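The structure appears right after this line, and notes come after that.
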Amino acid sequence: MNFEPDRLDDQTYLSEADAGGMLPAIASAAAHVRTGYRSAVEGGVAGVAEQLRPRAVAVAGVGTAAIAGDLLAAVCGRGTPIPLVTVRSHALPGWVGAADLVIAASDAEESLAVASEAVRRGAFLLAVGKPDSPLNAIATQGSGLFVPVPVTGQERANLWLLAVPLIMAAASLRLVEAGADLFENVAKSLEDVAHRCRPSSESFINPGKTLAMELAESVPMIWGSSPVAAVAAERMAAQLEMNAKYPALLGDVPGVSLFDGPFAERDIFADTAERALRLVLLRDVDEHPRVARRREAAMRMAQDRGVPVTELATQGEHPVERLATLIELGDYASAYLALGYGIDPTPVSAITELAARISQ
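Each position in the sequence shown, counted from 1, maps to that position plus 327 in my numbering.
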């Protein structure tokens with residue numbers, strides 16, 4: 328299977344190959360931010376603080392829901408007065424009890440199990456998901472708070488529908504400043520990225536297509552230079568896996584040891600392209616000075632060894648804005664990478680098959 332960059336500027340091909348509609352789904356991110364905000368307001372999320380002053384917040388979920396939990400922790404920052412943890416399993420940590428807030432944002436088996444356990448332990452449950460879902464029933468029976476959001480299609484295309492109510496809950500608890508103006512600014516930023524990455528925009532001016540072409544035929548090692556950028560790196564790696572069925576390494580500067588390994592070697596005289604390491608740096612304004620020095624040193628080391636480097640910078644002031652622009656660009660790149668290889672980004676047949684085998 329070869330990556331063919333000419334495919335990315337063939338509008339007929341893009342329309343037909345993206346049969347599952349992943350590109351339109353990615354373009355819906357701005358609408359999802361606005362809908363998520365409206366659903367959170369109508370669902371009474373602003374009143375969470377009136378019901379509970381939690382000792383800690385645990386976000387239950389796997390996949391996109393787990394990334395939403397990591398996103399929440401990054402947005403609240405290191406200075407938050409209470410712990411925020413993401414629970415990626417079927418069981419809550421032993422310390423979770425009636426003094427804590429448990430958030431579930433998925434109908435996955437793990438999230439449902441944790442939500443039920445939270446109710447049994449007397450923890451306050453905030454759930455975000457489809458109306459009339461099993462999660463809705465658990466929250467209602469447990470006297471928790473349920474925020475219905477119009478999740479459709481693949482869950483990974485609904486990140487902001489799930490994440491915005493979580494951020495609103497944190498704002499209610501005064502863990503982060505986030506109001507209507509912020510979410511409207513985020514939506515506008517996402518609209519700008521979607522406009523620049525639209526399918527009709529040519530590759531040489533389209534940042535999503537450009538990034539896809541840089542990643543093609545490489546083994547990307549993705550590193551975020553701050554907690555915010557690290558979540559964007561996590562999301563990019565997950566989207567490359569799910570949309571493009573493409574591997575990526577999540578690393579930190581210690582990953583420079585790979586620069587001396589077999590994947591850093593390139594034969595410039597080879598007849599065909601060889602997959603080799605590419606350093607992908609997600610740069611944030613909030614990086615520690617020592618981290619900035621390590622990042623710059625890693626770039627120089629990569630360049631000295633002929634390892635190509637892609638550097639992407641966050642945009643905006645608020646952590647949510649900075650995350651949104653990086654995440655949207657990575658989402659587009661993953662879809663265009665899939666389409667360049669002739670892959671429909673939406674279906675994940677291997678996961679469907681795995682689920683079927685488990686259920687037998």
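Cβ coordinates follow ideal geometry from the N, Cα and C atoms, glycine included.
From a predicted model like this one, the values you see are computed outputs, not experimental measurements.
Under DSSP, Ser545 forms a beta bridge with Ala603. The segment 529-546 and the segment 472-485 do not touch, with fewer than 3 CB-CB distances between them shorter than 8 Å. Put simply, the segment 389-402 does not touch the segment 628-641. Fewer than three CB pairs are less than 8 Å apart.
Here Ala387 is bridged, per DSSP, to Val414, Ala431.
Residue environment analysis places Asp631 among the exposed positions, since fewer than 16 neighbouring C-beta atoms fall within 10 angstroms of its C-beta.
In the displayed model, Glu444 falls within a helix according to three-state DSSP. Here the alpha carbon of Ser676 sits roughly 23 Å from the alpha carbon of Val546. The alpha helix (DSSP H) runs lying completely inside the segment 601-657 and spanning 4 residues or more are 616-631, given in chain order. Uninterrupted alpha helix (DSSP H) stretches at least 4 residues long and entirely within the segment 442-491 occur at 461-468, given in chain order. Taking the Cα of Arg415 as reference, the smallest distance to any Cα among Thr407, Val402, Val429, Val372 is reached at Val429. In the DSSP assignment, Phe510 falls within the alpha helix (DSSP H) that extends over 507-523.
Pro420 has its alpha-carbon roughly 46 Å from the corresponding atom of Ser342.
In the three-state DSSP reduction, Leu341 falls in the helix class (H, G or I). In this structure, DSSP gives Leu567 a helical state, which the three-state scheme calls helix. Cβ-Cβ separation between Ala401 and Pro646: approximately 6 Å, consistent with a contact (criterion under 8 Å). Here Leu576 carries a strand assignment [DSSP, helix/strand/coil].
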